[in-house]
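Just add 1 to the spot in the sequence shown (first one is 1) and you have this note's numbering. For every residue, glycine included, the Cβ atom is placed at its ideal position computed from N, Cα and C. Since the structure is predicted, the reported quantities are computational estimates derived from the model, not experimental observations. Accompanying notes for the structure given below.
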Amino acid sequence: MEPHSGERKRETWGSRVGFVMAAAGSAIGLGNIWRFPYLVGKNGGAAFVIIYLAIVILIGLPVMIAEVGLGRFTRRNPVGAFTKAAPNSGWRIVGVLGVITGCGILSYYSVVAGWAIGYTLKAATGAFATLTDPGQTGKLFGQFVGDAWTVLALHAVFMALTVTVVIGGVRRGIERWTLILMPALFLMLLLLVFRSLTLEGAEKGIAFYLQPDFSKVTATTFLAALGQAFFSLSIGMGVMITYGSYLPAREDVVISTAYVCLFDTLAALLAGLAIFPALFAVAEVEPTQGAGLAFVVLPAIFHRIPFGGLFGTVFFVLLTVAALTSAISLLEVCVAYLTDEKGWTRKGACWLVGVVSFLLGIPAALSNGASTFLSNLPVLQMGFLDLMDTIFGNLALTLGALFLCLFVGWRWGPKEALAGAIEGSAYPGLGQPWLFLIRYLCPVAIGTILLQILMNLFGQG
Ligand code: TRP
Numbered sequence: 002m003e004p005h006s007g008e009r010k011r012e013t014w015g016s017r018v019g020f021v022m023a024a025a026g027s028a029i030g031l032g033n034i035w036r037f038p039y040l041v042g043k044n045g046g047a048a049f050v051i052i053y054l055a056i057v058i059l060i061g062l063p064v065m066i067a068e069v070g071l072g073r074f075t076r077r078n079p080v081g082a083f084t085k086a087a088p089n090s091g092w093r094i095v096g097v098l099g100v101i102t103g104c105g106i107l108s109y110y111s112v113v114a115g116w117a118i119g120y121t122l123k124a125a126t127g128a129f130a131t132l133t134d135p136g137q138t139g140k141l142f143g144q145f146v147g148d149a150w151t152v153l154a155l156h157a158v159f160m161a162l163t164v165t166v167v168i169g170g171v172r173r174g175i176e177r178w179t180l181i182l183m184p185a186l187f188l189m190l191l192l193l194v195f196r197s198l199t200l201e202g203a204e205k206g207i208a209f210y211l212q213p214d215f216s217k218v219t220a221t222t223f224l225a226a227l228g229q230a231f232f233s234l235s236i237g238m239g240v241m242i243t244y245g246s247y248l249p250a251r252e253d254v255v256i257s258t259a260y261v262c263l264f265d266t267l268a269a270l271l272a273g274l275a276i277f278p279a280l281f282a283v284a285e286v287e288p289t290q291g292a293g294l295a296f297v298v299l300p301a302i303f304h305r306i307p308f309g310g311l312f313g314t315v316f317f318v319l320l321t322v323a324a325l326t327s328a329i330s331l332l333e334v335c336v337a338y339l340t341d342e343k344g345w346t347r348k349g350a351c352w353l354v355g356v357v358s359f360l361l362g363i364p365a366a367l368s369n370g371a372s373t374f375l376s377n378l379p380v381l382q383m384g385f386l387d388l389m390d391t392i393f394g395n396l397a398l399t400l401g402a403l404f405l406c407l408f409v410g411w412r413w414g415p416k417e418a419l420a421g422a423i424e425g426s427a428y429p430g431l432g433q434p435w436l437f438l439i440r441y442l443c444p445v446a447i448g449t450i451l452l453q454i455l456m457n458l459f460g461q462g
C-alpha cells in the first residue's frame with residue numbers, strides 16, 4: 002500500500018520542534034499539575050518516580066510511537082487512519098470512539114479551564130488576600146462554581162479561545178501558538194519552583210514529595226503509575242494519530258515522541274517541586290489533589306508567602322495555559338475528522354465542534370452546586386462532570402489505548418507497523434523490541450488498568 006499518493010495536499014508541521022511542542026502541549030495538562038505530584042507524595046516518593054519513569058519508557062513511549070506512526074503512515078484523522086490501514090473492517094469504530102471521546106473530554110475540560118480563568122482574575126485582584134485557611138477558600142470556591150452564569154460565561158470564553166487557535170490551522174494556528182505557550186509554561190513553572198524552594202521550611206515539602214519509601218510500593222502502586230502515565234501522555238483517543246498525520250514522511254518518530262514523553266514527565270516533576278515545598282513551608286495544610294488542591298488548598302496559602310498574590314496569579318495562568326494546549330488537541334481531532342472525511346471547511350468544523358462541546362459542557366458546568374440534581378445524580382451518586390470524566394477521561398481512553406495496541410501489534414501487520422513507526426528513525430534497531438512491547442507488554446498492562454477501572458465502577462454498586 003502506498004502511504005500517501007494522489008491525495009489532497011495536507012498541511013504539515015513547519016518543524017520538528019513544532020510537532021514536539023504541540024504534542025507536549027496536549028500531554029501537559031491538569032493531570033501533570035494537580036494529580037501527579039500528589040500521587041508521588043502518597044505512593045513512596047522517589048520510589049514511585051522510578052516506577053513511573055520505567056512505565057513511561059517501556060509502555061507509554063511505545064504506545065505513543067504506535068499512535069504517531071499510524072498517523073504519519075496514513076496521513077489521516079483517527080477514523081480515516083484505521084479505515085485506510087484496515088479497509089472494510091470494524092476497526093474504524095476505534096477511530097469513531099476516539100473522535101467522540103475528544104468531543105466528550107473537551108466539553109468538561111473547558112468548564113474546568115474556565116474556572117482557572119476566573120481564578121486568575123480573582124488572584125490578580127487580591128481576592129485571596131484575607132483568606133488564610135482552606136475552610137474559607139473552600140466556601141469561596143463553592144460560591145464561585147455554584148454561580149451558573151459566571152461558570153457558563155467562562156466556559157464560553159475558554160471554548161472560544163480554543164476555537165480561535167484551531168481555526169488558524171496546523172501551522173499558523175496550533176504550531177504558532179504552542180511555540181509561544183509551551184516555553185511560557187515552562188518559564189512559569191520554573192518561576193514557581195524557584196519561589197517555592199527558596200521559602201523557609203521548603204525541605205519538609207521535598208521530604209514529603211520525594212523521600213523514597215519502598216515499603217509503600219505494592220501492586221496498586223504500579224497500577225496508579227500506569228493509569229497516570231496513560232492519562233498524562235494523552236494516549237488512547239487519537240490525538241497522537243492526528244498530530245502524527247501532519248508529520249513529514251521522513252520524520253524520526255522515535256526521537257520526536259521521546260522528547261514529548263520527556264517534557265511531559267519533566268513538567269509533572271516540576272509541578273511537585275512548585276507545590277509541596279510551598280505547602281509544607283506554610284505548614285498545617287493537608288496536601289491533596291485535583292480541584293481541591295488548585296482551587297481550595299493553594300489559594301489559602303498564597304498570601305502567606307512573600308509576593309504570594311503575584312505567584313498565585315502565575316499559578317492560575319499556568320493552569321489555564323496547560324488546559325488550553327490540551328483543549329487545542331482535543332478540538333483538532335474532531336476537526337480533522339470533519340475536514341478529512343466529511344469535506345467540511347476548517348472554520349465550519351471548528352465552530353460546529355466548539356458549539357456542540359460547549360452545549361455538552363453545560364450540564365457539567367452546572368454540576369458543582371448550580372443544579373442540585375446535576376450535582377448529585379440519582380443512583381450514580383456523583384456529579385455530571387465526574388460522570389463525564391469517568392466515561393470519557395477514564396474508560397474510553399483506556400479502551401482506545403488497548404485497541405490501538407491490538408491493532409498495531411496484531412492486525413496491521415509487522416511490516417506496515419515497522420514502516421509506519423520506525424522507518425526514518427536514527428535507531429532502526431529499536432523496531433523489533435518496540436514491536437515486542439506493543440504486542441505483549443502494552444496490551445497486558447493496559448488490559449489490567451481496564452479491569453481495575455471496571456471493578457471500581459461495578460464493585461461499588
Ligand atoms: N494529558 C492530559 C493531562 O495530563 C489529559 C488528557 C488525556 C488529554 N487525554 C487527552 C488532553 C487527550 C488532551 C487530549 O491533563
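Q | Given 8 Å, three or more beta-carbon pairs between the segment 271-281 and the segment 195-205 | A | yes
Q) Quick check: the segment 18-31 against the segment 320-329, are there 3 or more CB pairs under 8 Å? A) yes
Q.
Closer than 8 Å is the cut-off here; do at least three beta carbon pairs connect the segment 164-184 with the segment 327-340?
A. Segments in contact, yes.
(Q) Counting C-beta neighbours from all protein chains within 10 Å, is the total for residue 228 16 or more, i.e. buried, or is it exposed? (A) Residue numbering aside, residue 228 sits at position 227 when the sequence shown is read from its first letter. Per the 10 Å Cβ criterion, buried.
Q | CA-to-CA distance, residue 74 to residue 335, given in whole angstroms | A | If you number the sequence shown from 1, residue 335 lands on position 334. If you number the sequence shown from 1, residue 74 lands on position 73. If I take the Cα positions, the gap works out to 19 Å.
(Q) Tell me which residue opens and which closes the alpha helix (DSSP H) that residue 73 is part of. (A) As a position in the sequence shown, residue 73 is number 72, starting the count at 1. Here the alpha helix (DSSP H) through residue 73 covers 62-75.
(Q) Our contact map puts residue 439 next to residue 410 with C-beta atoms below 8 Å; I'd like the distance itself, whole angstroms only. (A) In the sequence shown, counting from the first residue as 1, residue 439 sits at position 438. In the sequence shown, counting from the first residue as 1, residue 410 sits at position 409. Contact between residue 439 and residue 410 holds: CB atoms are separated by about 4 Å, below the 8 Å threshold.
Q) What's the call for residue 7, buried or exposed, on a 16-neighbour Cβ count within 10 Å? A) Translated into positions along the sequence shown, residue 7 becomes position 6. Residue placement at residue 7 cannot be trusted, given a pLDDT of 39 that sits under 50; what the coordinates show is reported in the next sentence. Here residue 7 is exposed: its Cβ has fewer than 16 other Cβ atoms, across all protein chains shown, within 10 Å.
Q | Inter-stretch contact at 8 Å, needing at least 3 Cβ pairs: the segment 429-444 / the segment 89-99 | A | no
Q) Is it the case that the CB of residue 327 approaches a heavy atom of ligand 1 more closely than 7 Å? A) In the sequence shown, counting from the first residue as 1, residue 327 sits at position 326. Because some heavy atom of ligand 1 lies under 7 Å away, the Cβ of residue 327 counts as near it: yes.
Q: Return yes when at least one heavy atom of ligand 1 lies under 7 Å from the C-beta of residue 22, else no.
A: Position 21 of the sequence shown, counted from the start, is the residue given in the question as residue 22. Not so, every heavy atom of ligand 1 lies at least 7 Å from the Cβ.
Q | Residue environment, residue 456, which counts as buried when at least 16 other CB atoms sit within 10 Å | A | To locate residue 456, count along the sequence shown from 1; it is residue 455. Exposed, since its Cβ has fewer than 16 Cβ neighbours within 10 Å.
Q.
Within 10 Å of its beta-carbon, does residue 190 have 16 or more other beta-carbons around it, so buried, or fewer, so exposed?
A. The residue labelled residue 190 in the question sits at position 189 within the sequence shown. Buried, since its Cβ has 16 or more Cβ neighbours within 10 Å.
Q) Cβ of residue 31 within 7 Å of any heavy atom in ligand 1? A) Reading the sequence shown from its first residue, position 30 is the one you call residue 31. For ligand 1, at least one heavy atom lies less than 7 Å from the Cβ of residue 31.
Q) Given a threshold of 16 other Cβ atoms within 10 Å of its Cβ, counted over all protein chains shown, does residue 251 qualify as buried or as exposed? A) In the sequence shown, residue 251 corresponds to position 250, counting from 1. Classification for residue 251: exposed.
Q: Would you kindly report the start and end of the unbroken alpha helix (DSSP H) that includes residue 424?
A: If you number the sequence shown from 1, residue 424 lands on position 423. That residue, residue 424, is in no alpha helix (DSSP H); it is neither H nor E in DSSP.
**Q.** Assigned secondary structure, residue 369 (DSSP; H/G/I helix, E/B strand, else coil)
**A.** Residue 369 sits at position 368 when you count from the first residue of the sequence shown. It is coil, neither helix nor strand.
Q. Can you name, in chain order, every residue of its own chain whose Cβ lies under 7 Å from the Cβ of residue 22, other than the five neighbours on each side?
A. Position 21 of the sequence shown, counted from the start, is the residue given in the question as residue 22. Answer for residue 22: 179, 180 and 183, listed in chain order.
Q: Find out if the Cβ-Cβ distance for the pair residue 275, residue 166 is shorter than 8 Å.
A: Mapped onto the sequence shown, residue 275 falls at position 274. Mapped onto the sequence shown, residue 166 falls at position 165. Taking 8 Å as the Cβ cut-off, residue 275 and residue 166 do not qualify as a contacting pair.
Q. Between residue 268 and the rest of its own chain, which residues show a CB-CB distance below 6 Å, the 5 nearest in sequence each way excluded?
A. Looking up residue 268 in the sequence shown gives position 267. Closer than 6 Å at the Cβ level, and outside the excluded window around residue 268, lie 29 and 33.
**Q.** Nearest-angstrom beta carbon gap, residue 364 and residue 242 [assumed within contact, 8 Å]
**A.** Reading the sequence shown from its first residue, position 241 is the one you call residue 242. Reading the sequence shown from its first residue, position 363 is the one you call residue 364. In fact, because the Cβ distance is near 29 Å, the residues do not count as touching under 8 Å.
(Q) Rounded to the nearest angstrom, what separates residue 538 and residue 384 at their Cα positions? (A) Because residue 538 is not part of the residues shown, which for the chain are 2 to 462, the question remains open.
Q: Write down the C-beta distance between residue 401 and residue 131 rounded to the nearest angstrom, noting that I regard them as a contact closer than 8 Å.
A: In the sequence shown, residue 401 corresponds to position 400, counting from 1. In the sequence shown, residue 131 corresponds to position 130, counting from 1. Not really, about 46 Å apart at Cβ, beyond 8 Å.
**Q.** With 16 other Cβ atoms within 10 Å as the buried cut-off, status of residue 89
**A.** By 1-based counting over the sequence shown, the position of residue 89 is 88. Residue 89 is exposed by the Cβ-count criterion.
Q. Who are the near neighbours of residue 35 in its chain, counting only those whose CB is closer than 7 Å to its CB and skipping five residues on each side?
A. The residue you call residue 35 lines up with position 34 of the sequence shown. Excluding residues within five positions, the ones whose Cβ falls inside 7 Å are 290, 291, 294 and 295.
Q: Could you have a look at residue 234 and say whether DSSP puts it in helix, strand or coil?
A: Locating residue 234 in the sequence shown gives position 233, where the first residue counts as 1. Looking at residue 234 - three-state DSSP - the assignment turns out to be coil, as it is neither helix nor strand.
Q.
Using C-beta distances below 6 Å, list every residue in its chain close to residue 220, excluding the 5 sequence neighbours before and after it, in chain order.
A. As a first step, residue 220 is located in the sequence shown; it is residue number 219 there, counting from the start. Answer for residue 220: no residue qualifies.
**Q.** Cα-Cα separation, residue 150 to residue 372
**A.** Position 149 of the sequence shown, counting from 1, holds the residue named residue 150. Position 371 of the sequence shown, counting from 1, holds the residue named residue 372. So the alpha carbons of these two residues sit roughly 12 Å apart.
Q) Is the CB-CB distance between residue 317 and residue 196 below 8 Å? A) As a working note, residue 317 is residue 316 in the sequence shown. As a working note, residue 196 is residue 195 in the sequence shown. Not a contact, by the Cβ cut-off of 8 Å.
Q: Using three-state DSSP, classify residue 445 as helix, strand or coil.
A: Sequence index remark: in the sequence shown, residue 445 carries index 444 (1-based). Three-state result, residue 445: helix.
Q) Rounded to whole angstroms, how far is the Cβ of residue 236 from the Cβ of residue 64, which I believe are closer than 8 Å? A) Taking the first residue of the sequence shown as 1, we reach residue 236 at position 235. Taking the first residue of the sequence shown as 1, we reach residue 64 at position 63. Confirmed, Cβ separation roughly 5 Å.
Q. DSSP state of residue 53, grouped into three classes?
A. By 1-based counting over the sequence shown, the position of residue 53 is 52. Correct three-state label for residue 53: helix.
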